[in-house]
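What follows is a single structure, written as structure tokens, with notes after it.
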Ligand SMILES: Nc1ncnc2c1ncn2[C@@H]1O[C@H](COP(=O)(O)OP(=O)(O)OP(=O)(O)O)[C@@H](O)[C@H]1O
Ligand SMILES: [Mg+2]
């Protein structure tokens with residue numbers, strides 16, 4: 033364990049932005065849920081009606097989890113159900129990031145030469161992650177106490193967050209021992225998380241079902257915070273944490289640095305006949321990320337699609353909101369505006385994929401892997417095009433998947449799949465030109481100013497800020513106009529305006545062409 | 004027949020660094036040409052210009068009769084390149100990389116590939132991330148050597164190979180030479196250069212300082228003489244072209260420039276030569292003399 037403290041400090045330094053960010057976001061959300069539920073349903077009678085109505089809807093329970101009462105605390109606890117999945121996700125990823133990723137990159141070897149105990153890396157990763165989970169739990173408790181919720185429930189709910197994080201941190205710790213690649217470890221960890229979610233969902237689907245007792249996410253929800261807390265359930269989580277730690281440490285002791293316990297499968301001795309073009313190579317390099325993003329966007333579509341009708345009923349249940357809705361032109365246009373808003377969020381996520389796919393070229397160049405390819409009979413243009421194809425078509429696929437997923441979920445909840453599926457999918461697809469602008473910006477930077485290419489991420493961050501808080505800050509229109517997303521028509525709430533879309537496509541094309549031309553003229557590699 | 008590579012007055016700057024400063028380099032068709040120079044002298048930069056990856060600031064470069072920048076794609080069908088640090092894609096197997104690079108170049112000789120895999124004892128089924136440095140290098144070598152191309156451009160291709168594999172590499176290049184392939188071989192391993200190269204070019208600070216066959220280079224340099232004389236040779240140190248004279252009564256050691264050898268020997272005979280040993284400069288001495296100039 034020697035050197036653990038040093039590694040903890042190193043990890044905290046590397047995560048000094050990321051760690052506080054997710055802790056704060058996740059800690060603030062339950063608090064805001066409590067505040068908004070209190071505002072929308074001020075009286076006990078309002079809350080009872082809501083609890084008996086939409087909050088007990090099977091699709092709602094499937095998505096978020098069971099409801100154990102109609103108190104403000106119980107409703108808040110149910111509303112926060114999805115956050116447990118996110119805590120689990122972040123805990124798994126953080127542990128793997130500070131263990132297997134480091135080893136794979138060879139950085140651990142470098143540090144290993146300094147005096148480090150065999151378990152220092154694993155212990156440091158767990159200290160950082162579990163510590164962060166604990167801080168999160170504490171902040172959740174404090175936030176709910178600030179909303180005047182009962183202390184017992186607030187403590188139980190905070191502990192539920194910490195417990196969920198701890199179990200999945202240990203899942204990450206075990207997964208990190210198994211494979212040689214960080215990607216493989218992430219796959220194992222996320223599969224466990226996915227299974228836990230599905231078991232939880234299945235367990236809550238019918239009466240007398242006990243499947244959720246097989247899922248850590250099920251456990252922490254069945255602590256029943258604010259509804260007669262069952263503290264002993266925390267013991268299950270503690271036991272699982274200890275048991276997984278008792279697996280991870282001996283595994284870590286048995287294996288060599290850099291090695292995994294699962295044998296790496298050998299690859300083919302010769303290439304498949306189709307692996308003969310730059311595009312075929314790009315497919316091999318992009319397919320895993322493309323699949324991951326498509327699944328992620330599909331989940332986002334399901335989650336957001338599931339909230340549409342909830343948002344409407346919630347709004348109708350509340351006097352103030354329904355007044356606003358009437359002024360806006362009735363419930364129909366409220367859902368349409370909400371849909372358009374939801375899809376602009378999906379579009380921001382899809383832009384993340386577009387930028388990542390475009391910047392893959394920069395990764396390839398900086399790792400000196402583009403050089404041997406460009407020294408064959410591959411033109412610069414076809415090499416660029418093979419990667420840019422993913423930046424262009426990947427988001428189209430992602431938006432379509434998210435749109436279809438949201439359309440199905442929403443359509444099912446209002447019993448109108450045939451009507452809603454095309455509308456919602458259309459609302460997703462109309463975002464594509466704005467996503468292309470950001471992807472093309474990354475291509476343009478790569479071709480013309482390769483060292484500045486990561487600035488495309490800053491552009492995306494600026495768009496997020498302009499879109500989410502620009503209106504609140506009352507920025508002038510020209511500032512908002514900088515973001516391509518400002519120009520997307522608010523389909524289905526507004527008619528489909530073709531002119532702004534055509535302009536966005538033209539801007540994207542110009543940026544991409546500039547990038548292609550720049551890359552044809554410049555030195556490779558620029559490092 | 005045209006020269007395979009003809010470079011003259013090549014200049015390339017990176018910001019304030021002048022990586023190439025009027026470089027001349029000629030590689031004749033069918034020869035193995037050694038390209039030597041200290042670290043940072045501009046070898047890799049030259050090779051990247053020849054591959055059309057970097058654009059020269061001034062000077063001319065001709066490769067297989069074409070322009071390396073303008074005709075890059077057509078020329079790349081006729082050559083194969085191995086970088087000094089072969090980096091592989093972590094999720095592609097070595098065999099896949101070999102086939103892919105060969106196909107992108109326009110075709111691979113499958114029989115030769117199988118034979119090379121055997122000779123280099125390379126397991127093509129491993130994924131990129133699982134190869135050691137030396138094995139990554141072998142993947143690059145097999146991919147290049149198994150292509151039916153006219154020209155091989157190799158930038159320190161054997162870095163990381165063990166001595167046995169180094170021997171295999173030499174045997175392969177020797178075969179290629181017999182088959183008429185042209186090879187540009189940048190290397191720091193003098194034994195490799197001595198064993199393989201017909202001619203060499205030594206580059207320093209982006210400029211060619213020597214070029215020719217190894218014999219020619221040796222002749223340009225000082226010979227060490229160790230001689231027993233009947234009398235002490237007064238005035239030897241003052242002769243033009245004579246250096247580092249050490250006299251121990253009749254036993255004399257000195258270095259002499261090739262040009263001055265004839266006159267110096269004539270002079271020595273006046274003192275009654277009893278025995279004489281002459282030693283041409285070793286390659287090491289030859290290169291060290293050039294390399295040291297950079298540091299001082
Ligand atoms: N992309 C680049 N940007 C800035 N400077 C560079 C770049 N590439 C090379 N240089 C500089 O140009 C000079 C020549 O480098 P080059 O890589 O050609 O040397 P080399 O002869 O191959 O050396 P080595 O034997 O170490 O491989 C060095 O001073 C190097 O720092
Ligand atoms: Mg070099």
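Chains as they are written, first to last, in the numbering used here: chain W, 33 to 559; chain Z, 4 to 299. Glycine residues also receive a C-beta, built at the ideal position from the N, C-alpha and C atoms. Note that this is a predicted model, so its numbers are computed, not measured.
**OP:** Flag residue 190(Z) as yes when its Cβ comes closer than 6 angstroms to any non-hydrogen atom of ligand 2, and as no otherwise.
**Re:** Reading the second chain from its first residue, position 187 is the one you call residue 190(Z). No, the Cβ of residue 190(Z) stays beyond 6 angstroms of every heavy atom of ligand 2.
Original post:
Can you give, in chain order, each stretch of the alpha helix (DSSP H) that sits fully within the stretch 127-200 of chain W and has at least 4 residues?
Top reply: 132-136, 139-144, 152-178
Original post:
Regarding residue 46(Z) and ligand 3, is the C-beta to nearest heavy atom distance less than 6 angstroms?
Top reply: This structure lacks ligand 3; the ligands present are ligand 1 and ligand 2.
Original post:
Any idea what DSSP makes of residue 249(Z), helix, strand or coil?
Top reply: Counting from 1 along the second chain, the entry for residue 249(Z) is found at position 246. Strand at residue 249(Z).
Original post:
What number of angstroms, rounded off, separates the C-alpha of residue 115(Z) from the C-alpha of residue 136(Z)?
Top reply: Residue 115(Z) sits at position 112 when you count from the first residue of the second chain. Residue 136(Z) sits at position 133 when you count from the first residue of the second chain. The straight-line gap from Cα to Cα measures roughly 23 angstroms.
Original post:
Using the beta-carbon count (16 or more within 10 Å), is residue 299(Z) buried or exposed?
Top reply: Translated into positions along the second chain, residue 299(Z) becomes position 296. Confidence at residue 299(Z) is low in this model, with a pLDDT of 42, below 50, so its placement is unreliable and the value that follows should be read with caution. Result: exposed.
**OP:** For residue 292(W), name the three-state secondary structure that DSSP assigns.
**Re:** One-based indexing of the first chain puts residue 292(W) at position 260. In the structure shown, residue 292(W) sits in coil (DSSP, three-state: anything other than H, G, I, E or B).
Original post:
So does residue 42(Z) have its beta carbon nearer than 6 angstroms to some heavy atom of ligand 1?
Top reply: Locating residue 42(Z) in the second chain gives position 39, where the first residue counts as 1. Yes, the Cβ of residue 42(Z) comes within 6 angstroms of a heavy atom of ligand 1.
Subject >> Cα-Cα separation between residue 515(W) and residue 492(W), rounded to whole angstroms >> reply: The residue labelled residue 515(W) in the question sits at position 483 within the first chain. The residue labelled residue 492(W) in the question sits at position 460 within the first chain. Each residue's Cα considered, the two are about 9 angstroms apart.
Original post:
Is DSSP giving residue 82(W) helix, strand or coil here?
Top reply: Sequence index remark: in the first chain, residue 82(W) carries index 50 (1-based). Helix.
Original post:
Any heavy atom of ligand 1 closer than 6 angstroms to the CB of residue 17(Z)?
Top reply: Locating residue 17(Z) in the second chain gives position 14, counting from the first residue. It does: the Cβ of residue 17(Z) is within 6 angstroms (strictly closer) of some heavy atom of ligand 1.
Original post:
Interface residues of chain W around residue 96(Z) at Cβ under 9 angstroms?
Top reply: In the second chain, counting from the first residue as 1, residue 96(Z) sits at position 93. Those are 298, 299, 300, 301, 302, 303, listed as they occur along chain W.
Subject >> CB of residue 222(W) within 7 angstroms of CB of residue 235(W), strictly >> reply: Along the first chain, read from residue 1 onward, the residue named residue 222(W) stands at position 190. Along the first chain, read from residue 1 onward, the residue named residue 235(W) stands at position 203. Taking 7 angstroms as the Cβ cut-off, residue 222(W) and residue 235(W) do not qualify as a contacting pair.
Original post:
If you draw a straight line from the alpha carbon of residue 106(W) to that of residue 175(W), how long is it in whole angstroms?
Top reply: In the first chain, counting from the first residue as 1, residue 106(W) sits at position 74. In the first chain, counting from the first residue as 1, residue 175(W) sits at position 143. One C-alpha to the other measures close to 15 angstroms.
**OP:** For residue 286(W), count neighbouring C-beta atoms within 10 Å of its own C-beta (all shown protein chains included) and say buried if the count is 16 or more, exposed if not.
**Re:** Within the first chain, the letter at position 254 stands for residue 286(W). So residue 286(W) counts as exposed.
Original post:
Does DSSP classify residue 91(Z) as helix, strand or coil?
Top reply: As a working note, residue 91(Z) is residue 88 in the second chain. Looking at residue 91(Z) - three-state DSSP - the assignment turns out to be coil, as it is neither helix nor strand.
**OP:** State yes or no: is the C-beta of residue 217(W) within less than 7 angstroms of the C-beta of residue 228(W)?
**Re:** If you number the first chain from 1, residue 217(W) lands on position 185. If you number the first chain from 1, residue 228(W) lands on position 196. For residue 217(W) and residue 228(W), no; Cβs fall outside 7 angstroms.
**OP:** Below 8 angstroms CB to CB, which residues in the same chain sit around residue 469(W) once its five sequence neighbours on both sides are set aside?
**Re:** Sequence index remark: in the first chain, residue 469(W) carries index 437 (1-based). The answer, listed in chain order, is 516, 536, 539, 540, 543.
**OP:** Report the three-state DSSP secondary structure of residue 394(W) (helix, strand or coil).
**Re:** In the first chain, the residue the question calls residue 394(W) occupies position 362. Reduced to three states, the DSSP call for residue 394(W) is helix.
Original post:
Is residue 306(W) near ligand 1, going by C-beta to nearest heavy atom under 6 angstroms?
Top reply: Numbered from 1 along the first chain, position 274 holds the residue referred to as residue 306(W). Not under cutoff, so the answer is no.
Subject >> Against chain W: residues of the stretch 43-65 of chain Z by CB proximity under 7 angstroms >> reply: 54, 56, 57, 58
Subject >> Anticipated Cβ contact below 8 angstroms, residue 230(Z) with residue 217(Z), distance rounded >> reply: For this step, residue 230(Z) is matched to residue 227 along the second chain. For this step, residue 217(Z) is matched to residue 214 along the second chain. Not really, about 26 angstroms apart at Cβ, beyond 8 angstroms.
Subject >> Beta-carbon spacing of residue 87(W), residue 99(W) below 7 angstroms >> reply: Along the first chain, one-based indexing puts residue 87(W) at 55. Along the first chain, one-based indexing puts residue 99(W) at 67. Yes, these two residues count as a Cβ contact at 7 angstroms.
Subject >> Cβ neighbour criterion (16 or more within 10 Å) applied to residue 392(W) >> reply: Your numbering for residue 392(W) matches position 360 in the first chain. So residue 392(W) counts as buried.
Subject >> CB of residue 148(Z) within 7 angstroms of CB of residue 119(Z), strictly >> reply: Position 145 of the second chain, counted from the first residue, corresponds to residue 148(Z). Position 116 of the second chain, counted from the first residue, corresponds to residue 119(Z). Yes, the Cβ-Cβ distance between residue 148(Z) and residue 119(Z) is below 7 angstroms.
Original post:
Would residue 49(W) be called buried (16 or more neighbouring beta carbons within 10 Å of its own) or exposed?
Top reply: Counting from 1 along the first chain, the entry for residue 49(W) is found at position 17. Looking at its Cβ environment, which holds fewer than 16 other Cβ atoms inside 10 Å, residue 49(W) is exposed.
Original post:
Less than 7 angstroms separating the beta-carbons of residue 139(Z) and residue 89(Z)?
Top reply: By 1-based counting over the second chain, the position of residue 139(Z) is 136. By 1-based counting over the second chain, the position of residue 89(Z) is 86. Going by C-beta atoms, residue 139(Z) is nearer than 7 angstroms to residue 89(Z).
**OP:** Compute the minimum distance between the beta carbon of residue 22(Z) and the heavy atoms of ligand 1, and state whether it is under 6 angstroms.
**Re:** Within the second chain, residue 22(Z) is the residue found at index 19, counting from 1. Yes, Cβ of residue 22(Z) sits closer than 6 angstroms to a heavy atom of ligand 1.
Original post:
Does the stretch 426-445 of chain W come close enough to the stretch 329-341 of chain W to have 3 or more Cβ pairs within less than 8 angstroms?
Top reply: yes
Original post:
By how many angstroms is the C-alpha of residue 290(W) removed from the C-alpha of residue 26(W)?
Top reply: Lying before the first or after the last residue shown, residue 26(W) is absent from chain W, which here runs from 33 to 559.
Original post:
Between residue 133(Z) and residue 104(Z), is the Cβ-Cβ spacing less than 7 angstroms?
Top reply: Start at 1 with the first residue of the second chain, and residue 133(Z) comes out as number 130. Start at 1 with the first residue of the second chain, and residue 104(Z) comes out as number 101. Not a contact, by the Cβ cut-off of 7 angstroms.
Subject >> chain Z contact residues for residue 395(W), given Cβ-Cβ distances below 9 angstroms >> reply: Mapped onto the first chain, residue 395(W) falls at position 363. Here the premise fails: no neighbours, minimum Cβ distance about 11 angstroms.
Original post:
From the beta carbon of residue 292(W), is the nearest beta carbon of chain Z less than 7 angstroms away?
Top reply: The count along the first chain starts at 1 and reaches residue 292(W) at position 260. For residue 292(W), the answer is no, since every Cβ of chain Z falls outside 7 angstroms of its Cβ.
**OP:** Have a look at the DSSP bridge pairing and note the partners of residue 130(Z).
**Re:** Translated into positions along the second chain, residue 130(Z) becomes position 127. Looking at the DSSP assignment, residue 130(Z) forms a beta bridge with 96(Z).
**OP:** Give a yes or no on whether the C-beta atoms belonging to residue 303(W) and residue 126(Z) are separated by under 7 angstroms.
**Re:** The residue labelled residue 303(W) in the question sits at position 271 within the first chain. The residue labelled residue 126(Z) in the question sits at position 123 within the second chain. Going by C-beta atoms, residue 303(W) is not nearer than 7 angstroms to residue 126(Z).
**OP:** Between the Cα of residue 318(W) and those of 271(W), 408(W), 419(W), spot the shortest distance and give me the residue it belongs to.
**Re:** Within the first chain, the letter at position 286 stands for residue 318(W). Taking only the C-alpha atoms, the option nearest residue 318(W) is 419(W).
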